[in-house]
Each structure stands twice: as C-alpha cells, then as structure tokens.
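Here is the structure we will look at, set down as structure tokens.
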Amino acid sequence: MELRIEPLAAEQRKPKCTDAAQLGFGRHFSDHMLVADWSGDQGWHDARIVPYGPFQMDPSAMVLHYGQEVFEGLKAYRQEHGGIALFRPDMNLARLNRSAERLSLPTVPADLFLDGIMELVRLEQEWVPAAEGTSLYIRPTLIATEAALGVRPAQQCRFFTILSPVGAYYASGFTPVRILVAEQLSRAVPGGTGEAKTGGNYAASLLAGNMAHDRGCDQVLWLDAVQHRFVEEVGAMNIFFVIDNCLVTPALSGSFLAGITRDSIIKLAPSLGLAVAERPIAIDEVLEGIRTGRVQEAFGSGTAAVVSPVGAFNYRDELFTINNAAVGTVTQRLYDTLTGIQYGRLPDTNGWMHRL
Ligand code: PLP
Ligand code: COI
C-alpha cells in the first residue's frame with residue numbers, strides 16, 4: 002500500500018522529554034502519527050504519516066456510541082550496540098486482527114501495519130528515549146468512524162498509530178505491587194470480548210480499579226466470571242506464579258488477553274531451566290499456597306508493565322504477602338532475560354527483534 006509522508010519542518014517539532022523520571026507512562030506524544038481509512042466500497046486507502054493532532058469526527062461516529070474499537074500496545078527499544086528495534090510486532094498485528102474480527106471491524110493489512118509503523122518510528126527515531134527502562138510505546142488503534150446510529154458493523158473505519166516515549170508503567174517502578182482480588186465484579190465472560198483488546202474491557206475494569214486504589218492496591222486480579230474461582234489476569238497484565246519451583250500461569254480460556262509477554266516468558270523459561278505449566282489455577286490454591294510457602298513468587302507480565310513483581314494479594318481485606326514482598330529470583334531472572342533481549346544486551350535467538 003502506498004504511504005504518503007507529510008513531515009513537519011524541524012522548527013515545528015516539539016521539544017523532546019528525555020528525563021526518565023519525568024516520562025511516566027503515556028503522557029507525551031511524538032510529532033507524527035500513522036493514519037489510514039477504510040470503507041466498505043474502497044477497502045483500505047489514503048495511508049499517510051501526518052503531524053500528530055486531533056481528528057475531526059462526526060458526533061454520530063459509531064465508535065462514540067457503541068464502542069466498536071480495538072487497539073494494541075508494543076514498544077521500540079534503543080539497542081545497546083546502536084540502532085532501534087521493535088519487539089514481536091507480527092504478534093501484535095495478528096492479535097489486532099483477531100480482536101478486529103471479534104468486534105466486526107475490518108482487518109488491517111500486514112504492510113499497512115508493519116511497514117507503516119516501521120516508517121513512523123524511523124521518522125520519529127529521536128523520540129526513542131535512551132535511559133535504562135525507557136522505550137517508545139506504540140499504540141495502534143482501529144475505530145468505527147461511520148456517522149450513523151443503527152447498531153451494525155460500521156462501513157467506515159480508521160486505523161491510526163500514535164507514539165509515546167515511556168518509563169515505568171507503575172510509579173513505583175520495579176518494586177512489588179499489591180493486587181486486590183476482585184470477588185464481586187467481573188471483567189469478561191466466556192463467549193464475550195475478554196480475549197479481544199477492546200476499549201470496553203478497560204472501561205468495565207475502572208470501577209474495580211477504584212476499589213483497589215481505595216484499599217491501597219495498584220490493580221485488580223480478575224477471577225473467572227462464572228464461579229469467581231479461577232484466576233484469569235490482572236488489569237493490564239497476565240499473571241504468573243512460581244509454585245513448588247514450577248512456573249505456572251492460567252491456561253488461555255478465551256476470556257482474557259493472550260499476552261505477547263506471557264507467550265515470550267513461556268518460551269524463555271525452559272532455557273532458564275524452569276518447568277512451565279499452563280493450567281487452571283483456583284484462587285484457593287494461591288492463597289493456601291502463600292500460607293504454606295508453596296507459592297514462592299508471583300509476577301505480572303505485559304508490554305507496559307514488562308515483568309512486574311507482586312508483593313501481596315488483598316483477599317476479603319486480608320493481606321497475603323508473598324516472599325516477604327521482595328523481588329523473587331525467578332522474577333528477577335525473567336525480567337533480566339526479557340529486557341536483555343529487548344535492549345539488545347542478550348542474543349535474540351528467537352528472532353523476536355525487528356530492527357528499523
Ligand atoms: N492483559 C491485559 C488486560 C492487558 O491490557 C495487557 C497489556 O497489553 C496484557 C494482559 C499483557 O499483554 P501483552 O504482554 O501482549 O502486552
Ligand atoms: C500494554 O501493556 O500494552 C497495555 O495495553 C496495557 C495498558 C496500558 C492498557
């Protein structure tokens with residue numbers, strides 16, 4: 002697909018925030034964005050990289066009423082020995098298109114997604130921060146733009162990608178977080194949209210997130226919506242436990258996100274001598290295991306959160322502290338290995354890094 006590029010003149014570009022401590026997550030945006038439109042008649046057309054700025058949208062645009070939207074999150078990393086590389090963008094393309102199918106949105110062609118994002122990051126290279134633990138977060142998004150109020154799949158859609166230089170997702174950085182076990186509220190049900198990366202899932206999670214914050218917790222651990230018994234995922238990450246020296250994570254059930262970091266950790270574990278099991282995990286097993294010491298570590302995994310140690314679960318206002326709320330050795334090794342590959346400090350034997 003042809004891609005038009007309309008770069009800003011150097012003097013029109015914004016000053017770049019380079020101070021890692023000031024970056025936070027998703028607060029600064031680069032100078033340009035990738036945009037393309039789709040219609041039922043024309044298919045994908047008018048792919049362009051243009052200055053970052055607001056869209057003009059009809060108030061009846063379907064995304065504003067019925068939430069027909071999907072998105073992705075991936076990162077570009079400044080490499081130890083020079084250059085910039087993206088981590089597994091092909092996986093984000095595949096997941097975006099699975100999400101799009103679930104939300105009856107058009108799928109995005111591989112060249113628009115992969116070549117378009119590569120071209121955008123190339124233009125915005127100076128926005129990739131260099132400090133330890135920082136990266137350029139890439140947010141591809143697909144929305145229904147057709148102006149109509151009937152409930153049906155939109156016949157006009159827009160794909161866009163924006164870039165944000167980021168530091169740690171949690172203000173506390175790589176220190177163990179505290180997680181509230183959500184008992185009453187549910188995020189997703191079997192057959193619903195839990196497996197799709199769509200805005201509505203996140204909107205549905207906000208009330209529980211507030212409850213977590215009120216109890217001094219950073220995020221929520223979701224249980225399955227039918228029995229409120231089996232562990233699914235955390236607000237913005239998948240969950241892993243070290244139980245009896247084995248790395249254990251919930252088996253994909255269709256109602257939570259198939260994380261790309263989750264998949265990468267499962268693939269890396271054997272090379273670190275770790276056994277892995279993907280299986281249903283009951284919350285009772287976790288709590289009992291924390292009491293007896295069988296649950297040795299817990300951590301979340303995600304693009305934004307990377308590998309994030311969990312220090313304690315709050316269950317019915319009782320605190321279950323893991324490993325004295327210290328970072329466990331398996332968590333630390335997986336963090337070091339994954340970020341080692343992402344920043345080019347370790348060999349990329351799986352072919353995960355896509356250099357610009
Ligand atoms: N679960 C949820 C709800 C998320 O938002 C994310 C973040 O994208 C993840 C899991 C982890 O997915 P990934 O590792 O692909 O970023
Ligand atoms: C990500 O890790 O990419 C996410 O999408 C998490 C969150 C910021 C929604």
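Each residue of the sequence shown is one higher than the one before, starting from 2 at the first, in the numbering used here. Don't be surprised by glycine CBs; every beta carbon is placed ideally from N, CA and C.
So residue i and residue j are in contact, right, with Cβ under 8 Å, and what is the actual spacing, rounded?
i, j, result
"Thr-332", "Val-307", "About 11 Å separates the two Cβ atoms, so there is no contact after all."
"Leu-258", "Thr-338", "Incorrect: roughly 22 Å between the Cβ atoms, too far for contact."
"Leu-24", "Pro-166", "6 Å"
"Thr-250", "Arg-263", "6 Å"
"His-82", "Gly-345", "6 Å"
Using a Cβ-Cβ cutoff of less than 6 Å, which residues in the same chain neighbour residue i once the five nearest sequence positions on both sides are dropped?
i, result
"Ser-31", "Glu-125, Trp-128 and Leu-164"
"Val-328", "Pro-310"
"Ala-209", "Ala-183, Leu-186 and Val-221"
"Thr-1", "Since the first residue of the chain shown is 2 and the last is 357, residue 1 is not available in this structure."
"Val-277", "Leu-248, Ile-267 and Ala-270"
"Asn-239", "Gly-260, Arg-263 and Ser-302"
"Arg-280", "Ala-252"
"Asp-215", "none"
"Asn-211", "none"
"Gln-80", "Ala-86 and Gly-345"
CB-CB under 7 Å to residue i, same chain, minus the five flanking residues each way: which ones, in chain order?
i, result
"Cys-218", "Arg-179, Ile-180, Leu-181 and Asn-315"
"Ala-326", "Pro-177, Gly-312 and Ala-313"
"Leu-15", "Per the sequence shown, the amino acid found at residue 15 is Lys instead of Leu. Asp-32, listed in sequence order."
"Gly-341", "Leu-347"
"Ala-172", "none"
"Val-51", "Glu-7, His-33, Met-34 and Val-36"
Please work out which residues of its chain come closer than 8 Å, Cβ to Cβ, to residue i, disregarding the five sequence neighbours upstream and downstream, and give them in chain order.
i, result
"Arg-153", "none"
"Gly-290", "Phe-242, Ile-244 and Val-296"
"Arg-123", "Leu-357"
"Glu-102", "Thr-108"
Does the Cβ-Cβ distance between residue i and residue j come in under 7 Å?
i, j, result
"Cys-18", "His-29", "yes"
"Met-63", "Ala-155", "yes"
"Ile-267", "Leu-335", "no"
"Phe-88", "Gln-343", "yes"
"Leu-288", "Thr-199", "no"
"Ser-206", "Gly-260", "no"
"Leu-275", "Leu-248", "yes"
"Tyr-1", "Phe-26", "This structure cannot speak to residue 1, because the chain is shown only from 2 to 357."
"Leu-35", "Leu-121", "yes"
"Glu-196", "Gly-151", "no"
"Val-235", "Ile-284", "no"
"Ala-369", "Leu-115", "Residue 369 lies beyond the residue range present for the chain, which begins at 2 and ends at 357; the question has no answer from this structure."
"Pro-107", "Cys-158", "yes"
"Ala-148", "Asp-42", "no"
"Ala-11", "Met-354", "no"
"Gly-68", "Gly-201", "yes"
Relative to the C-alpha of residue i, which residue among the options is closest?
i, options, result
"Arg-110", "Lys-198, Gln-157 and Trp-39", "It should be noted that the sequence gives Pro, not Arg, for residue 110. Among Lys-198, Gln-157 and Trp-39, the Cα nearest to that of Pro-110 is on Trp-39."
"Ile-6", "Ala-37, Ser-100 and Arg-49", "Arg-49"
"Arg-99", "Ala-37, Arg-14, Val-71 and Ile-118", "Val-71"
"Ala-213", "Asp-318, Tyr-203, Asp-285 and Glu-3", "Asp-318"
"Leu-9", "Gln-43, Tyr-53 and Asp-42", "Tyr-53"
"Pro-55", "Asp-47, Gly-68, Glu-81 and Phe-161", "Phe-161"
"Gly-21", "Pro-107, Pro-130 and Thr-340", "Gly is not the amino acid found at residue 21; the sequence shown has Ala there. The shortest Cα separation from Ala-21 among Pro-107, Pro-130 and Thr-340 belongs to Pro-130."
"Thr-304", "Pro-90, Asp-349 and Glu-133", "Pro-90"
"Ala-237", "Gln-80, Glu-298, Tyr-203 and Thr-293", "Tyr-203"
"Gly-168", "Glu-133, Gly-193 and Arg-280", "Glu-133"
"Gly-352", "Gly-68, Met-92 and Val-51", "Met-92"
"Leu-320", "Arg-292, Glu-298, Thr-330 and Gly-341", "Arg-292"
"Leu-224", "Asp-215, Arg-96, Glu-286 and Ser-173", "Glu-286"
"Glu-298", "Gly-44, Asn-324 and Gln-228", "Asn-324"
"Gly-84", "Met-119, Glu-279 and Arg-96", "Met-119"
"Gly-44", "Ile-282, Met-2 and Thr-330", "Met-2"
"Gln-228", "Ile-282, Asn-246 and Gly-117", "Ile-282"
"Thr-330", "Thr-350, Asp-349 and Asn-246", "Asn-246"
Just to confirm, does residue i get its C-beta within under 6 Å of one of the non-hydrogen atoms of the ligand FAD?
i, result
"Thr-304", "For the structure depicted, the ligand FAD is absent and the ligand set comprises only the ligand PLP and the ligand COI."
Stretch pair the region 181-195 + the region 212-228: three plus CB contacts closer than 8 Å: yes
Is the region 140-147 touching the region 55-69 in the sense that three or more CB pairs, one from each, lie closer than 8 Å? yes
Stretch pair the region 131-141 + the region 71-82: three plus CB contacts closer than 8 Å: yes
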